[in-house]
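Asks:
Number of protein chains: 2
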Amino acid sequence: MKDKDGKPLSNTQRALRELRRMILSGELAAGTDHLESELAETLGMSRTPVREAALMLESRGLLEMRPRKGVRILPVSPEDMREIYDILTELESLAAQRAAEAGYGDADLAQLALSIAQMDQAVKDEDREAWADADDLFHQELVRLGGNKRIEAIVAVMSDQVRRARATTLFIRPLPVQSNEDHRAVYQAISSGRAEEAHERHRQHRLQAKGVLIGILEKHRLNSL
Amino acid sequence: MKDKDGKPLSNTQRALRELRRMILSGELAAGTDHLESELAETLGMSRTPVREAALMLESRGLLEMRPRKGVRILPVSPEDMREIYDILTELESLAAQRAAEAGYGDADLAQLALSIAQMDQAVKDEDREAWADADDLFHQELVRLGGNKRIEAIVAVMSDQVRRARATTLFIRPLPVQSNEDHRAVYQAISSGRAEEAHERHRQHRLQAKGVLIGILEKHRLNSL
DNA sequence: GCATTTGTTTGCGTATACATTAAAGAATGC
DNA sequence: GCATTCTTTAATGTATACGCAAACAAATGC
Chain D
96 MKDKDGKPLS NTQRALRELR RMILSGELAA GTDHLESELA ETLGMSRTPV REAALMLESR
156 GLLEMRPRKG VRILPVSPED MREIYDILTE LESLAAQRAA EAGYGDADLA QLALSIAQMD
216 QAVKDEDREA WADADDLFHQ ELVRLGGNKR IEAIVAVMSD QVRRARATTL FIRPLPVQSN
276 EDHRAVYQAI SSGRAEEAHE RHRQHRLQAK GVLIGILEKH RLNSL
Chain E
96 MKDKDGKPLS NTQRALRELR RMILSGELAA GTDHLESELA ETLGMSRTPV REAALMLESR
156 GLLEMRPRKG VRILPVSPED MREIYDILTE LESLAAQRAA EAGYGDADLA QLALSIAQMD
216 QAVKDEDREA WADADDLFHQ ELVRLGGNKR IEAIVAVMSD QVRRARATTL FIRPLPVQSN
276 EDHRAVYQAI SSGRAEEAHE RHRQHRLQAK GVLIGILEKH RLNSL
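First to last, the protein sequences are chains D and E.
Take 96 as the starting number for the first sequence in this note's numbering and just add one per residue.
Take 96 as the starting number for the second sequence in this note's numbering and just add one per residue.
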């Protein structure tokens with residue numbers, strides 16, 4: 096098996112990507128248990144790479160390995176979402192501030208601008224999936240511009256868990272019009288080097304998002320997904 | 096092999112603890128490479144549990160597995176320390192704020208008070224090791240009181256890396272008298288429910304600590320440890 | 001009937017064997 | 001003498017085998 100660059104891809108890496116994909120897509124449902132040997136057979140490889148991949152996914156908080164009970168796909172509760180959003184709020188706001196301080200030019204911010212444009216288009220089209228993808232890109236790029244690799248890694252892990260909750264809630268909630276305005280404000284602040292404002296605007300953006308998501312989860316009694 | 100509770104401890108767990116200990120103590124020096132088979136022999140077990148432990152330590156950022164180059168103990172640079180302290184600053188300050196909002200009583204804050212007392216004693220005795228241990232405890236307990244499990248986990252990971260830098264710098268720097276005053280102020284703020292102040296005091300404390308550490312590292316040209 | 005014990009099964013933890021492949025060294029040609 | 005290719009080697013990636021311990025079932029004693 097080779098990847099796009101022609102480099103061979105180890106089975107462990109394949110297992111990692113496949114399992115992650117299966118969890119995020121819901122193919123492996125939250126709360127379900129799966130034997131290592133089952134997963135190995137599904138993926139067409141032996142238990143060893145599956146175990147190694149599972150170990151990594153365990154430290155990303157997507158699953159849990161319980162002796163004799165199989166690999167458990169961890170559900171996400173509203174309380175988990177509070178924790179996650181609190182972390183995202185703090186770390187992304189800092190990233191926004193740092194990005195503004197870095198004095199990036201328009202070229203550096205092109206990707207950010209692009210994802211904002213994509214979100215605008217998606218809202219027009221009422222295409223929630225496209226909006227979610229562009230939103231992911233915006234946050235990922237924002238954090239990248241913040242220049243802290245560890246924050247990037249942490250946010251990536253937390254975002255994986257948010258993605259699962261969002262897969263369920265995406266079609267329940269109203270079109271994220273407010274969100275798009277927030278993004279533009281953050282972009283403007285970064286672009287013109289207003290660090291404090293970038294921080295605060297993004298902070299408010301995330302607090303707002305947290306409130307909306309938690310509200311939906313509690314209203315619909317989605318205690319575990 | 097059994098642990099304190101009499102429960103058998105898996106070799107993977109033993110490898111995890113041992114390797115972590117060896118890295119933090121410097122027994123496995125930063126920047127050095129080690130074959131899986133060497134480590135396995137050292138620990139008296141086969142490669143399998145060593146690999147599994149290494150995988151976990153890799154996601155904690157303590158080492159890196161590079162095909163054919165062996166397991167590399169990751170060095171920590173001043174830039175790494177900036178990243179780590181930025182994260183600790185944000186997440187611990189939030190924890191302090193939340194702890195203050197939670198309205199804990201004196202009994203709940205006993206451990207926090209104890210570690211402060213231990214730090215005072217350690218400063219009197221000029222026992223830097225004891226101070227460092229108590230300081231770890233203070234921060235760990237503070238974060239626990241914050242009530243966000245994920246922040247606890249992230250801070251634990253980051254703290255492991257700080258510990259390595261501190262092992263080197265602990266005896267270079269002046270006695271942390273200012274630090275102890277900060278801790279007391281944070282404690283007071285939490286104890287009396289002044290959330291905003293707890294946040295801000297802890298924030299300043301961490302920013303200060305960051306400055307001191309980075310200053311030492313750069314002054315002594317400690318670019319990698 | 002119920003509880004306790006014994007047997008059986010099943011899945012994991014670990015060792016080990018093997019295939020794979022990148023890196024280092026040797027040999028060859030220019 | 002240098003570069004290139006071939007060979008070798010060594011370390012990893014993966015499969016597989018097996019013992020053990022936990023969960024479940026059955027059987028036995030009360």
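No residue lacks a Cβ here, since even glycine has one placed at the ideal position from N, Cα and C.
Quick caveat, the model's predicted, so the values are computed rather than measured.
Report the residue ranges of all alpha helix (DSSP H) runs contained in full by the region 117-190 of chain D; include only those spanning at least 4 residues, in chain order.
Replies: 131-138 and 142-154
Asks: Please list, in chain order, the chain D residues whose beta carbon lies closer than 8 Å to that of S154(E).
Replies: M151, S154 and R155
Asks: May I have a chain-ordered list of the alpha helix (DSSP H) segments no shorter than 4 residues that lie completely inside the region 267-292 of chain E?
Replies: 272-286
Asks: Whose Cβ in chain D lies nearer than 7 Å to the Cβ of D181(E)?
Replies: L189 and N243
Asks: Which residue marks the beginning of the alpha helix (DSSP H) containing H234(D), and which one marks its end?
Replies: R223 to G241
Asks: Hey, would you say G288(E) sits closer than 8 Å to G198(E), going by beta carbons?
Replies: yes
Asks: What residues of chain D sit near E147(E), judged by a beta carbon separation below 9 Å?
Replies: R146, E147 and L150
Asks: Would a check of beta-carbon distances place I249(D) closer than 8 Å to chain E?
Replies: Yes, because at least one Cβ of chain E sits closer than 8 Å to the Cβ of I249(D).
Asks: For the ligand COA, I want to know if E196(E) counts as a neighbour, meaning its beta carbon is within less than 7 Å of at least one of the ligand's heavy atoms.
Replies: In the structure shown, the ligand COA is absent, as is every other ligand, since no ligand is present at all.
Asks: Leaving out five residues before and five after R142(D) in sequence, what residues of the same chain have Cβ atoms less than 7 Å from its Cβ?
Replies: E131, S132 and A135
Asks: Given that I246(D) touches chain E, what residues does it touch there, using C-beta distances under 8 Å?
Replies: Chain E residues near I246(D): E178, D181 and I182.
Asks: Do I309(D) and R245(E) have their CB atoms nearer than 8 Å?
Replies: no
Asks: Whole angstroms is fine: what's the gap from A229(E)'s alpha carbon to M214(E)'s?
Replies: Between the alpha carbons of A229(E) and M214(E) lies a distance of about 6 Å.
Asks: When burial is assigned at 16 or more other CB atoms within 10 Å of the CB, is F233(E) buried or exposed?
Replies: buried
Asks: Within 10 angstroms of the Cβ of D201(D), are there 16 or more other Cβ atoms? Answer buried if so, exposed if not.
Replies: exposed
Asks: Between L114(E) and chain D, is there a C-beta pair that is closer than 8 Å?
Replies: no
Asks: Suppose you measure from the CA of V272(E) to the CA of Q216(E); what does that come to, to the nearest Å?
Replies: One C-alpha to the other measures close to 11 Å.
Asks: Using 8 Å as the Cβ pair cut-off and three pairs as the minimum, do the region 149-169 of chain D and the region 260-278 of chain D touch?
Replies: no
Asks: Could you list which residues in chain D have their beta carbon closer than 7 Å to that of E185(E), in chain order?
Replies: E185, L186 and L189
Asks: Pairs of beta-carbons, one from the region 185-195 of chain E and one from the region 288-300 of chain E, closer than 8 Å: are there three or more?
Replies: yes
Asks: Which residues in the same chain as D98(D) place their Cβ atom closer than 7 Å to its Cβ, once the five residues preceding and following it in sequence are excluded?
Replies: Its pLDDT being 37, under 50, D98(D) is placed unreliably by the model, and the measurement read from it follows with that caveat. L104.
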